[in-house]
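**Q** Have a look at the structure that comes next, please.
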Amino acid sequence: MQCAKTLFYSKGYDAVGVQEIVDRAGITKPTLYYYFGSKLGLLKTLIEVEFKEFRKVLRETANLDSRIEEVLYRLARNYCSFFENDREFYMLFMALFYSARENEAYLAVKPYVAEFYELVVQIFDRAADQLGNMNGRQRQFAIGFIGTINHYLILKFEEGSEQRLATEEIDAVVRQFMYGIFS
3 MQCAKTLFYS KGYDAVGVQE IVDRAGITKP TLYYYFGSKL GLLKTLIEVE FKEFRKVLRE
63 TANLDSRIEE VLYRLARNYC SFFENDREFY MLFMALFYSA RENEAYLAVK PYVAEFYELV
123 VQIFDRAADQ LGNMNGRQRQ FAIGFIGTIN HYLILKFEEG SEQRLATEEI DAVVRQFMYG
183 IFS
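The opening residue of the sequence shown carries number 3 in the numbering used here; numbering runs sequentially from there.
Spelled out as structure tokens, the structure:
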């Protein structure tokens with residue numbers, strides 16, 4: 003899976019063939035097919051394994067009974083930690099999400115994106131009493147929040163920054179987002 007992840011990240015899912023994966027991993031095609039069924043099966047397993055712990059953390063964060071600001075701070079910190087722990091996978095995931103909607107790789111990541119989105123919508127739903135100007139805009143706020151965090155991380159990655167993001171830096175992004183809601 004590590005070899006496939008690196009190849010998918012560096013060349014793109016569609017540009018990598020099974021032969022290249024097995025050559026890099028030092029296994030045979032029958033071995034790959036036995037364990038994963040196909041290249042797509044390998045990708046789906048990779049995504050599931052990479053998201054297992056992150057999914058648990060996201061659910062715990064989304065279910066916190068705290069003020070919206072604290073929940074969003076924690077969510078952003080956890081999301082940034084996920085990014086920092088495996089930037090290669092994060093960037094691969096984002097590339098797959100922004101691929102053509104008919105692409106099998108997009109279809110593999112879509113359920114994870116949808117799950118994350120729905121968790122963030124739930125956060126804003128539960129905070130409706132704290133945000134007097136929500137007016138049914140929970141889905142818009144969720145899209146805006148996720149987009150803000152993703153765009154921030156992608157741009158930070160482009161800068162080549164290998165150091166960890168400071169908590170204050172992450173919190174400043176959330177504060178700016180919250181300012182937009184409350185203004």
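Where a beta carbon is used, it is the ideal one built from N, C-alpha and C, also for glycine.
Owing to the predicted nature of the structure, the values given are computational and were not obtained by experimental measurement.
1) How big is the Cα-Cα spacing for F134 and K46?
2) Counting pairs of Cβ atoms below 8 angstroms between the stretch 18-32 and the stretch 66-84, do you hit three or more?
3) Three-state secondary structure (DSSP) at G39?
4) What residue range is occupied by the uninterrupted alpha helix (DSSP H) comprising G138?
5) Report the three-state DSSP secondary structure of A130 (helix, strand or coil).
6) Could you check how far apart the C-beta atoms of L92 and F99 are, in whole angstroms? I think they sit under 8 angstroms.
7) Should the stretch 142-160 be regarded as contacting the stretch 76-83, the criterion being three or more beta carbon pairs within less than 8 angstroms?
8) Name the two residues that bound the continuous alpha helix (DSSP H) containing L9.
9) Is Q124 closer than 9 angstroms to A64 when the C-beta atoms are compared?
10) Please name the residue in F53, E62 and A97 whose C-alpha comes closest to that of Y114.
11) Rounded to the nearest angstrom, how far is the Cβ of L48 from that of L34, given a contact under 8 angstroms?
12) Less than 8 angstroms between C-beta atoms, sequence neighbours within five positions excluded: which residues of the same chain meet that for V111?
13) Nearest-angstrom Cα distance between L42 and R57?
14) So, V20 versus S40, is the Cβ gap smaller than 9 angstroms?
15) Which first and last residues belong to the alpha helix (DSSP H) in which R26 is found?
16) With a cut-off of 8 angstroms on the beta carbons, I'd call R89 and F159 a contact; round off their distance for me.
17) Using the beta-carbon count (16 or more within 10 Å), is Q4 buried or exposed?
18) Please name the residue in V122, R128 and I172 whose C-alpha comes closest to that of V59.
19) Between Q140, E170 and F118, which lies nearest to D127 when the distance is taken from Cα to Cα?
**A** So, to answer that:
1) For the purposes of this step, residue 134 is taken as residue 132 along the sequence shown, with counting starting at 1. For the purposes of this step, residue 46 is taken as residue 44 along the sequence shown, with counting starting at 1. Inspection of the sequence shows that residue 134 is occupied by Gly rather than by Phe. Here the alpha carbon of G134 sits roughly 41 angstroms from the alpha carbon of K46.
2) Contact between the stretch 18-32 and the stretch 66-84 is absent, because fewer than three Cβ pairs lie under 8 angstroms.
3) As a working note, residue 39 is residue 37 in the sequence shown. For G39, the three-state secondary structure derived from DSSP is coil.
4) Taking the first residue of the sequence shown as position 1, residue 138 is located at position 136. Per DSSP, G138 belongs to no alpha helix (DSSP H) and is neither H nor E.
5) Here residue 130 is taken as the residue at index 128 of the sequence shown, counted from 1. In this structure, A130 counts as coil in the three-state DSSP scheme.
6) For this step, residue 92 is matched to residue 90 along the sequence shown. For this step, residue 99 is matched to residue 97 along the sequence shown. Note that residue 92 corresponds to Tyr in the displayed sequence, not to Leu. Their Cβ separation, rounded to whole angstroms, is 11 angstroms, which puts Y92 and F99 out of contact at 8 angstroms.
7) In short, these stretches touch, since the Cβ pair count reaches three.
8) Counted from its first residue, the sequence shown places residue 9 at position 7. Element bounds for L9: Q4 to K13.
9) Here residue 64 corresponds to residue number 62 of the sequence shown, with the count starting at 1. Here residue 124 corresponds to residue number 122 of the sequence shown, with the count starting at 1. Yes, these two residues count as a Cβ contact at 9 angstroms.
10) As a working note, residue 114 is residue 112 in the sequence shown. Per the C-alpha coordinates, the member of F53, E62 and A97 positioned closest to Y114 is F53.
11) Within the sequence shown, numbered from 1, the residue matching residue 48 stands at position 46. Within the sequence shown, numbered from 1, the residue matching residue 34 stands at position 32. Contact flag wrong, Cβ pair sits at about 12 angstroms.
12) Taking the first residue of the sequence shown as position 1, residue 111 is located at position 109. Counting only Cβ-Cβ distances below 8 angstroms, and skipping sequence neighbours, we find I49, F95, L98 and F99.
13) Residue 42 sits at position 40 when you count from the first residue of the sequence shown. Residue 57 sits at position 55 when you count from the first residue of the sequence shown. Rounded to the nearest angstrom, the two C-alpha atoms are 21 angstroms apart.
14) Counting from 1 along the sequence shown, the entry for residue 20 is found at position 18. Counting from 1 along the sequence shown, the entry for residue 40 is found at position 38. The Cβ atoms of V20 and S40 sit closer than 9 angstroms to each other.
15) Numbered from its first residue, the sequence shown carries residue 26 at position 24. Run containing R26: V20 to A27, per the alpha helix (DSSP H) assignment.
16) As a first step, residue 89 is located in the sequence shown; it is residue number 87 there, counting from the start. As a first step, residue 159 is located in the sequence shown; it is residue number 157 there, counting from the start. Indeed, because the Cβ distance is near 6 angstroms, the residues count as touching under 8 angstroms.
17) For the purposes of this step, residue 4 is taken as the residue at position 2 of the sequence shown. Q4 comes out exposed.
18) As a position in the sequence shown, residue 59 is number 57, starting the count at 1. Looking only at V122, R128 and I172, the smallest Cα-Cα distance to V59 is reached by V122.
19) Position 125 of the sequence shown holds residue 127. Considering only alpha carbons, the answer is Q140.
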